[in-house]
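Number of protein chains: 2
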Amino acid sequence: MRIGLCGGGQLAQMLSLAGHPLGLRCVAYAQDAGDPACAVGAFELGGWDDDDALDRFAARVDLVTFEFENVPRRAVERLAARVPVRPSIEALDTAADRVSEKSLFRRLGIGTAPFEAVDSQADLVRALASIGLPAVLKTRRMGYDGKGQKVLRAPGDVSSAFAELGGHPCILEGFVPFRRELSVVGVRGLNGEVAVYPLFENRHRDGVLRVSTSPALCSPSLEAEAHRAMRAVLEALDYVGVLAVELFEIEGGLLANEMAPRVHNSAHLTSEGHETSQFENHLRAVAGWPLGSTRPLGHAGMVNLLGAVPDAATGSGAGSVLAVEGAHVHLYGKAPRPGRKVGHVTVRAADAAARDAALARVVALLGA
Amino acid sequence: MRIGLCGGGQLAQMLSLAGHPLGLRCVAYAQDAGDPACAVGAFELGGWDDDDALDRFAARVDLVTFEFENVPRRAVERLAARVPVRPSIEALDTAADRVSEKSLFRRLGIGTAPFEAVDSQADLVRALASIGLPAVLKTRRMGYDGKGQKVLRAPGDVSSAFAELGGHPCILEGFVPFRRELSVVGVRGLNGEVAVYPLFENRHRDGVLRVSTSPALCSPSLEAEAHRAMRAVLEALDYVGVLAVELFEIEGGLLANEMAPRVHNSAHLTSEGHETSQFENHLRAVAGWPLGSTRPLGHAGMVNLLGAVPDAATGSGAGSVLAVEGAHVHLYGKAPRPGRKVGHVTVRAADAAARDAALARVVALLGA
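Chains as they are written, first to last, in the numbering used here: chain C, -3 to 364; chain L, -3 to 364.
This is the structure:
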């Protein structure tokens, strides 16, 4: 079976690598032959508006899935007219729009921060009257890693905010004092089978994920609440594949922040940390195969490598993280650029204390 | 860093897949673009007598290593004149010749079955006088998976035996009543660092490995004896990379049967069963990097897929092994052929009883 991956980045790369042993050959639809996925498997080059390339891509695969949610709808529709597209266009649409996804959470009884759709400066003023300051204005679409958003702290921040985000449709969200950031990652098969990973605990800096650990230390009731939310979203969207929901832990429970209809950075550590990686499970799901166990293999953590690969992340560097017991390096082969995700390092240990010690050592060696 | 792999089969394929996340790009020297390794990374096509192709291969890589021990010496020398070759020619030579490897074991005080070099029918008759019947006559070189050997049970088997094996230099080995077959797999870095995996227990049928499990249930003293033997061989050969030694457990200890200077089928389960796979550790070693931990992650087992990939080894087959908790499928993408190794399935579980139950279920589903 051949699986088309929309996108040629590191997520497509890791999906492609996970597919080989299963006999699933991935074909990445990439912009450039130097993209990470092109180094590890077949690919088709083209843009989202290149109908001929999209058709060639569709002709080479049995189904199409995604490494990111912002593929233009027209391109997805063109592919969907030719081969099955998993998850569905409707699921992608919901996840690609902050108002749609939060409205879905609300409809399913999943807590969210207060929010209002904002399509104009007048809408913004109206929304602020109910939500109050501080608040955060975000574009409804195309935002990621802290991009496309603006924090409004004082009345003076308000007048130019909508224009500064380009006049695009926005969402205004109330500020929520949260204890910590978590994520829940689940997978649903073609036949409705569902598997959910233990919770991930995430630390961001400047809007970008730096460190994740799993299983997150939390009460069984908190984990159950997150798993219920995940299952509700998967069912509501008749979802196929891996889905991630970013969560805030607040006094008394969880709020859902946003979802990603794809494999997710916070679950990269499942490669070492869990019985079946999110990459393998996504492929199994979209292929219509049985899902793999999400059992944790002890305790795992992950550190993102941003900008450039530090010497310590290679085996030849002095003080290499490879000498740390249980450390595993994943490099994407991307050219360095400030803030760019170029790799990650995971650690795996028998207990949380050993994991945390190894993680601290890795962070120190990387200077991360 | 670019690592040249002599061979394009499944071992080269799994080495290449293990290299990608580490930023180690493998180039396989293969005979055919349809070989397993060519599907997952760069390759150079050529035969062992094609000097131009060997030179092109050497020019593309920083060092050369091997997926099998029977590369003609002339080809290895040509490569070694251009780039580092790890393990060394001397180590390959020792392992490629049954008399040399057994002589090394004997010199290091490692037990072996009684053996004699046999270069003629007259040698065979002389050797039988000291070793007795039953015995097994094997070609000194190029034997694997039970090929190139003949069991001598009765005096009538003797007269034609040497000629039947082609008149090649042979070894006569005494028959040893053993309890079970084990293997010890270790790795030595460029700086002399050594790591050894827990013992593997192996079940063969018709000379071909069918099932391995690890950690083998055995006394600490038996494991220590095997680890001592492994360390002695690694040191004696100034070895770099993964080395496997096949062992017989007998009343009162171990006998070394043969060694393989490469990653080994019995340790394929290290992909899931141990902190660092044999494939990653081999690459780390030949690259001159720190070795990874050989800690077991619970209990693991492996079943080889021979001949053709059964439906049950794919996700779409009814009764797929992928539905078995902790089962992982590795397919090589090889055309089916009777007896050919086309893949393997591993299982991983928290304890030996759960592992054995999962393994039995996998074997039943595969009809293996």
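For glycine and all other residues, C-beta sits at the position ideal for the given N, C-alpha and C.
Note that this is a predicted model, so its numbers are computed, not measured.
Where does residue i land, buried or exposed, given buried means 16+ other C-beta within 10 angstroms?
{"i": "GLY163(C)", "result": "exposed"}
{"i": "ASP31(L)", "result": "buried"}
{"i": "ASP48(C)", "result": "exposed"}
{"i": "ARG351(C)", "result": "buried"}
{"i": "SER208(C)", "result": "buried"}
{"i": "SER316(C)", "result": "buried"}
{"i": "LYS143(C)", "result": "exposed"}
{"i": "GLY43(L)", "result": "exposed"}
{"i": "LEU279(L)", "result": "buried"}
{"i": "ALA92(L)", "result": "buried"}
{"i": "VAL147(L)", "result": "exposed"}
{"i": "GLU169(C)", "result": "buried"}
{"i": "ARG136(L)", "result": "buried"}
{"i": "GLU160(L)", "result": "exposed"}
{"i": "SER267(C)", "result": "buried"}
{"i": "MET138(C)", "result": "exposed"}
{"i": "GLY339(C)", "result": "buried"}
{"i": "VAL236(C)", "result": "buried"}
{"i": "ASN187(C)", "result": "exposed"}
{"i": "GLY185(C)", "result": "buried"}
{"i": "ARG102(L)", "result": "exposed"}
Return the first residue and the last residue of the alpha helix (DSSP H) that residue i is part of.
{"i": "ASN277(C)", "result": "274 to 282"}
{"i": "SER289(L)", "result": "Segment: none, SER289(L) is in no alpha helix (DSSP H) and carries neither H nor E."}
{"i": "ALA350(C)", "result": "348 to 362"}
{"i": "LEU239(C)", "result": "Looking at the DSSP string, LEU239(C) is not in any alpha helix (DSSP H); the run it does join, the beta strand (DSSP E), is 237 to 246."}
{"i": "GLU65(L)", "result": "Here GLU65(L) belongs to no alpha helix (DSSP H), and DSSP marks it neither H nor E."}
{"i": "SER385(C)", "result": "Nothing can be reported for residue 385(C): it is not among the residues displayed for chain C, which extend from -3 to 364."}
{"i": "VAL121(L)", "result": "117 to 127"}
{"i": "THR209(C)", "result": "Looking at the DSSP string, THR209(C) is not in any alpha helix (DSSP H); the run it does join, the beta strand (DSSP E), is 204 to 210."}
{"i": "ALA296(C)", "result": "Here ALA296(C) belongs to no alpha helix (DSSP H); instead the beta strand (DSSP E) covers 295 to 302."}
{"i": "THR266(L)", "result": "266 to 269"}
{"i": "GLU321(C)", "result": "Taken as a continuous stretch (DSSP letters only), GLU321(C) belongs to no alpha helix (DSSP H), as it is neither H nor E."}
{"i": "ALA159(L)", "result": "157 to 160"}
Assuming residue i contacts residue j (C-beta within less than 8 angstroms), just tell me the rounded distance between them.
{"i": "VAL359(L)", "j": "VAL320(L)", "result": "So it is not a contact: roughly 10 angstroms between Cβ atoms."}
{"i": "THR342(C)", "j": "ALA191(C)", "result": "Not a contact, Cβ separation roughly 20 angstroms."}
{"i": "ALA364(L)", "j": "LEU251(L)", "result": "The Cβ separation is near 28 angstroms, so there is no contact."}
{"i": "GLU254(L)", "j": "GLU177(L)", "result": "Not really, about 11 angstroms apart at Cβ, beyond 8 angstroms."}
{"i": "ARG206(L)", "j": "VAL299(L)", "result": "7 angstroms"}
{"i": "ILE(-1)(C)", "j": "LEU50(C)", "result": "Between LEU50(C) and ILE(-1)(C) the Cβ distance is about 16 angstroms, and since that is not below 8 angstroms, they are no contact."}
{"i": "ILE106(L)", "j": "ALA232(L)", "result": "Going by Cβ atoms, the distance from ILE106(L) to ALA232(L) rounds to 10 angstroms, so no, they are not a contact pair."}
{"i": "HIS295(C)", "j": "ALA345(C)", "result": "6 angstroms"}
{"i": "VAL234(C)", "j": "SER84(C)", "result": "Here residue 234(C) turns out to be Asp, not Val, going by the sequence shown. Right, the Cβ-Cβ distance comes to about 7 angstroms (below 8 angstroms), so this counts as a contact."}
{"i": "MET10(L)", "j": "PHE275(L)", "result": "5 angstroms"}
{"i": "LEU195(C)", "j": "GLU219(C)", "result": "6 angstroms"}
{"i": "ALA308(C)", "j": "LEU362(C)", "result": "5 angstroms"}
{"i": "ALA113(L)", "j": "ILE167(L)", "result": "6 angstroms"}
{"i": "ALA33(L)", "j": "ALA55(L)", "result": "At roughly 19 angstroms, the Cβ-Cβ gap does not stay under 8 angstroms, so ALA33(L) and ALA55(L) are not in contact."}
In the DSSP output, which residue or residues are listed as bridge partners for residue i?
{"i": "ILE(-1)(L)", "result": "CYS22(L), LEU59(L)"}
{"i": "SER99(L)", "result": "DSSP, once it has assigned bridges, lists no residue as partnering SER99(L)."}
{"i": "GLY182(L)", "result": "VAL192(L), LEU239(L)"}
{"i": "LEU327(C)", "result": "GLY339(C)"}
{"i": "PHE111(C)", "result": "GLU169(C)"}
{"i": "ARG176(L)", "result": "GLU245(L)"}
{"i": "HIS260(C)", "result": "In DSSP, HIS260(C) forms no bridge with anything."}
{"i": "HIS200(C)", "result": "LEU205(C)"}
{"i": "ALA345(C)", "result": "HIS295(C)"}
{"i": "GLU254(L)", "result": "GLU242(L)"}
How far does the beta strand (DSSP E) with residue i in it reach, from first residue to last?
{"i": "ILE167(L)", "result": "166 to 170"}
{"i": "ARG78(C)", "result": "Segment: none, ARG78(C) is in no beta strand (DSSP E) and carries neither H nor E."}
{"i": "GLN145(L)", "result": "145 to 148"}
{"i": "THR90(C)", "result": "Here THR90(C) belongs to no beta strand (DSSP E); instead the alpha helix (DSSP H) covers 85 to 92."}
{"i": "ALA38(C)", "result": "38 to 41"}
{"i": "ALA131(C)", "result": "131 to 135"}
Return yes when the C-beta of residue i is under 6 angstroms from any heavy atom of the ligand NAD, and no when it is not.
{"i": "GLY42(C)", "result": "This structure lacks the ligand NAD; in fact it carries no ligand of any kind."}
Contact between the segment 275 to 284 of chain C and the segment 11 to 18 of chain C: three or more CB pairs below 8 angstroms? yes
Three CB pairs or more closer than 8 angstroms across the segment 172 to 187 of chain C and the segment 254 to 269 of chain C: yes
For the 8 angstroms Cβ check, are there 3 or more pairs between the segment 23 to 30 of chain C and the segment 0 to 14 of chain C? yes
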